[in-house]
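Worksheet: one structure, shown below.
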Amino acid sequence: MADAILRQLEVRKRLGNISSSALWYRLDPKSHLFDPDMPKPFKLSANGRSVGWLESEIDAYIEKRAAVRLGA
Numbered sequence: 012m013a014d015a016i017l018r019q020l021e022v023r024k025r026l027g028n029i030s031s032s033a034l035w036y037r038l039d040p041k042s043h044l045f046d047p048d049m050p051k052p053f054k055l056s057a058n059g060r061s062v063g064w065l066e067s068e069i070d071a072y073i074e075k076r077a078a079v080r081l082g083a
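Numbering (this note's numbering), first residue to last: 12 to 83.
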């Protein structure tokens with residue numbers, strides 16, 4: 012079965028309805044909010060303006076964050 016592609020709005024909702032800026036800060040190594048475990052988006056268009064994330068990678072990221080919180 013093919014993995015679903017999530018667009019930015021859906022990723023933001025799954026991460027707790029975070030802002031667009033907060034999402035991009037998590038991906039920016041220069042940001043104080045940078046999270047090296049955050050899955051990287053990939054280009055959906057030739058110009059790179061449309062990006063998506065694999066649903067399985069976002070789900071794994073959320074599970075990993077929950078495990079850290081629960082002390083697993």
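Cβ coordinates follow ideal geometry from the N, Cα and C atoms, glycine included.
Being a predicted model, the structure only gives us computed values, none of them experimental.
- Nearest C-alpha to Leu17 among Glu74, Arg80, Trp64 and Asp70: Trp64.
- Under a 10 Å Cβ-count criterion, Val22 is classified as buried, with 16 or more other Cβ atoms of the shown protein chains found around its own Cβ.
- For Leu44, there is no enclosing alpha helix (DSSP H), since its DSSP letter is neither H nor E.
- Annotated as distal: Leu34 and Lys51, with beta-carbon spacing of 8 Å or more.
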